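Novice:
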Amino acid sequence: MAQKVGIPKGTRDFNPDQMMKRNYLFDTIKEVFQRYGYLPIETPSMENLSTLMGKYGEEGDKLLFKVLNSGNYLSKTSPDLLHEDSLNKLTPLISEKGLRYDLTVPFARFVVQHQNDLQFPFKRYQIQPVWRADRPQKGRYREFYQCDVDVIGSTSLLNEVELVRMIDDVFTELDINIVIKLNNRKILSGIAQTIDKPELLTDLTTAIDKLDKIGLDKVYEELTLKGFSVDELKQLEPIINLGGSNDSKLNCLRELIGHTKDGSDGIVELNTVLKHLKTLKIKADVELDQSLARGLNYYTGAIIEVKAKDVQMGSICGGGRYDDLTSIFGLPNVSGVGVSFGADRIYDVMEELELFPETAHHTTQLLIVNFGEAEASHSLVLLQKIQRAGINAELYPDADKLKKQMKYADQKKIPLVLLVGEEEIKSNSYNLKHMKTGLQENVTVEQLIKIIKSGI
RNA sequence: GUGGGUGUAGCUCAGUUGGUUAGAGUACCAGAUUGUGGUUCUGGGUGUCGUGGGUUCAAAUCCCAUCAUCCACCCCA
Numbered sequence: 116m117a118q119k120v121g122i123p124k125g126t127r128d129f130n131p132d133q134m135m136k137r138n139y140l141f142d143t144i145k146e147v148f149q150r151y152g153y154l155p156i157e158t159p160s161m162e163n164l165s166t167l168m169g170k171y172g173e174e175g176d177k178l179l180f181k182v183l184n185s186g187n188y189l190s191k192t193s194p195d196l197l198h199e200d201s202l203n204k205l206t207p208l209i210s211e212k213g214l215r216y217d218l219t220v221p222f223a224r225f226v227v228q229h230q231n232d233l234q235f236p237f238k239r240y241q242i243q244p245v246w247r248a249d250r251p252q253k254g255r256y257r258e259f260y261q262c263d264v265d266v267i268g269s270t271s272l273l274n275e276v277e278l279v280r281m282i283d284d285v286f287t288e289l290d291i292n293i294v295i296k297l298n299n300r301k302i303l304s305g306i307a308q309t310i311d312k313p314e315l316l317t318d319l320t321t322a323i324d325k326l327d328k329i330g331l332d333k334v335y336e337e338l339t340l341k342g343f344s345v346d347e348l349k350q351l352e353p354i355i356n357l358g359g360s361n362d363s364k365l366n367c368l369r370e371l372i373g374h375t376k377d378g379s380d381g382i383v384e385l386n387t388v389l390k391h392l393k394t395l396k397i398k399a400d401v402e403l404d405q406s407l408a409r410g411l412n413y414y415t416g417a418i419i420e421v422k423a424k425d426v427q428m429g430s431i432c433g434g435g436r437y438d439d440l441t442s443i444f445g446l447p448n449v450s451g452v453g454v455s456f457g458a459d460r461i462y463d464v465m466e467e468l469e470l471f472p473e474t475a476h477h478t479t480q481l482l483i484v485n486f487g488e489a490e491a492s493h494s495l496v497l498l499q500k501i502q503r504a505g506i507n508a509e510l511y512p513d514a515d516k517l518k519k520q521m522k523y524a525d526q527k528k529i530p531l532v533l534l535v536g537e538e539e540i541k542s543n544s545y546n547l548k549h550m551k552t553g554l555q556e557n558v559t560v561e562q563l564i565k566i567i568k569s570g571i
């Protein structure tokens, strides 16, 4: 009986055509990372749950995929724990590993664990899948690739500037129009201090973050529920409603929250970054957005988010500065900053805008037709010569009908087909067919190699 | 976790107030064409109508349940 096949919700198979395009995407991103001196690392798919838990906020813990212990995973449990109320007690007894939720936390763990072998400031990139037990929807997957770049062990704001430059480079090369939104957690904390509610910073930030989605009234509604008074909300209004150029926004912020320590620090930092960027040629729009918060708990300074201009899609790149992530693992005073490119969303954007170049589709340049045993063994020698000349080529394995072999070449978008039959072998001159034009010519192997090398 | 939509051929989908043998396009296979693909013509249906139950003389169609999937919210890449 045939088993019904399928894959888990929110996961995907990638066929060769998709993989060619994905590789093009990864290669482009990787090249930019390397151009700026970042080095690759990888970490395991699984981390200890103790590493992952509590780093992403309450919501994040819920979205972690947990891995059941091997063997008798019930050995540490007792029947009275089998209730919904005791889930929190039961979980650590049956599961101690989880699939990673992002690449930043595993990276912090990596830095702490290998601190003596690393050269600081340490610049690394990492391109690997992450998993979230979210409910899938458009642009939202349960398994997806992140492409992270981080600098750790440097507090210089030049790193923030560099990240913006890399973002600009990547999306320029991919031909995607973007807006880079910048903010600073210190600004948000300055706002919270201004209305004397520093303990409600998280509630404040997540509510403000929704501003452009649900509107001012709903944000106020939510904040009232969290314990903000009408008076405090009035104080917030000018800050939330801030508009105009980056400079005028900064000036307003200076007036409104410049008197607080965090607020003033945040303004100085943002100003410095923006000032540097002004002297550089940046193609993307760079916009100060004081409502940008980002849900992840660990950010302490700069916050960066990138949105595609021409497509309705969540953020395609995001990140920020984290001062205390390694101190959680026992290595204090090491600040890091980085961003993550969402490869799958960028892929979707490019697919929607038809931005993948034709060359991203095929790799084989030449197919040798198989006419039979004798012809095939002659072809085999030719094939080796051609491949050693650095040309991607293949010999059709079976002596199928010519029609079928031609069709194979056509569908694989192989531009050249070489017919090696009895006559051709005798004369050492082979029939080369250009699939695009349908034209055929007789060539020797040397001529063939030359033709392909010269890019015809 | 909350709300909504959709499940019919490999894929995209049609299928009338419930009615006889479930259809189209596309893909696929074969032939026209035994050394020529992409175009054209001819032939071929490859199906547990998601699953289980109910109503009925009769269910792809109506009802209930269930599963899957997509979309939106929360949150995020």
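Under the numbering used here, the first residue of the first sequence is numbered 116, with each subsequent residue one higher.
Just so you know, even glycine gets a beta-carbon here, dropped at the ideal spot from N, CA and C.
Predicted model only: the values in this text are computed from it and were never measured.
#1: Between GLN133 and ARG247, what straight-line distance do the alpha-carbon atoms span, to the nearest angstrom?
#2: Give the C-beta separation of ALA508 and THR479 to the nearest angstrom, bearing in mind that I take them to be a contact with Cβ-Cβ under 8 Å.
#3: Can you grab the Cα-Cα spacing for the pair LEU340 / SER430, in whole Å?
#4: Rounded C-beta distance between LEU440 and ALA307? I'm assuming under 8 Å.
#5: Between the Cα of LEU411 and the Cα atoms of ILE144, TYR151, ASP217, which residue gives the shortest distance?
#6: Could you please give me the residues that DSSP links to MET161 through a beta bridge?
#7: So, helix, strand or coil for HIS374, using DSSP?
#8: So the beta strand (DSSP E) PHE237 belongs to, where does it begin and stop?
#9: So LEU368 packs on GLN405, CB below 8 Å; how close in whole Å?
#10: For GLY434, which three-state DSSP category applies?
#11: Which residues in the same chain as ASP128 place their Cβ atom closer than 6 Å to its Cβ, once the five residues preceding and following it in sequence are excluded?
#12: Taking three-plus beta-carbon pairs below 8 Å as touching, is the stretch 266-279 in contact with the stretch 442-459?
#13: How big is the Cα-Cα spacing for ALA117 and ASN203?
#14: Just mark ILE529 as buried or exposed, buried being the case when its beta carbon has 16 or more other beta carbons within 10 Å.
#15: Hey, how far is the Cα of TYR462 from the Cα of GLU347?
#16: For the putative contact between CYS262 and ILE293, defined by C-beta atoms under 8 Å, what is the C-beta separation to the nearest angstrom?
#17: Is it true that the CB of ILE354 sits closer than 8 Å to the CB of LEU365?
#18: Starting from ILE78, trace the beta strand (DSSP E) both ways and give me its first and last residue.
#19: Alpha carbon to alpha carbon, how far is SER160 from ARG215?
#20: Assess, as a yes-or-no matter, whether the stretch 203-213 is touched by the stretch 226-236 under the definition of 3 or more beta carbon pairs within less than 8 Å.
#21: For THR375, does the count of other Cβ atoms within 10 angstroms reach 16, so buried, or fall short, so exposed?
#22: Check each candidate in TYR188, GLY254, MET168, LEU140 and name the one with the smallest Cα separation from PHE180.
#23: For ASP283 versus ALA399, is the C-beta spacing smaller than 8 Å?
#24: So, helix, strand or coil for LEU154, using DSSP?
#25: Secondary structure at GLY304, three-state DSSP: helix, strand or coil?
#26: Three-state secondary structure (DSSP) at LEU482?
#27: Among residues of its own chain, excluding the 5 on either side of LEU189, which ones have a beta-carbon nearer than 8 Å to its beta-carbon?
#28: Is it buried or exposed for ASN557, if we count other Cβ within 10 angstroms and need 16 for buried?
#29: Just to confirm the assignment: which complete beta strand (DSSP E) runs, minimum length 3, are found wholly within the stretch 496-551?
Specialist: Per the coordinate set shown:
#1: 22 Å
#2: 7 Å
#3: 28 Å
#4: Contact doesn't hold; Cβ gap of about 21 Å is too wide.
#5: ASP217
#6: LEU214
#7: coil
#8: 237-246
#9: 7 Å
#10: strand
#11: none
#12: yes
#13: Residue placement at ALA117 is flagged as unreliable, the pLDDT there being 48, under the threshold of 50; a coordinate-derived value is accordingly withheld.
#14: buried
#15: 43 Å
#16: At roughly 15 Å, the Cβ-Cβ gap does not stay under 8 Å, so CYS262 and ILE293 are not in contact.
#17: no
#18: There is no way to answer for residue 78, as the model of the chain reaches only from 116 to 571.
#19: 6 Å
#20: no
#21: buried
#22: MET168
#23: yes
#24: strand
#25: According to the sequence provided, residue 304 is Ser. The question's Gly does not apply to it. Residue state, collapsed to three classes: helix.
#26: strand
#27: ILE209
#28: exposed
#29: 508-510, 531-534, 545-549
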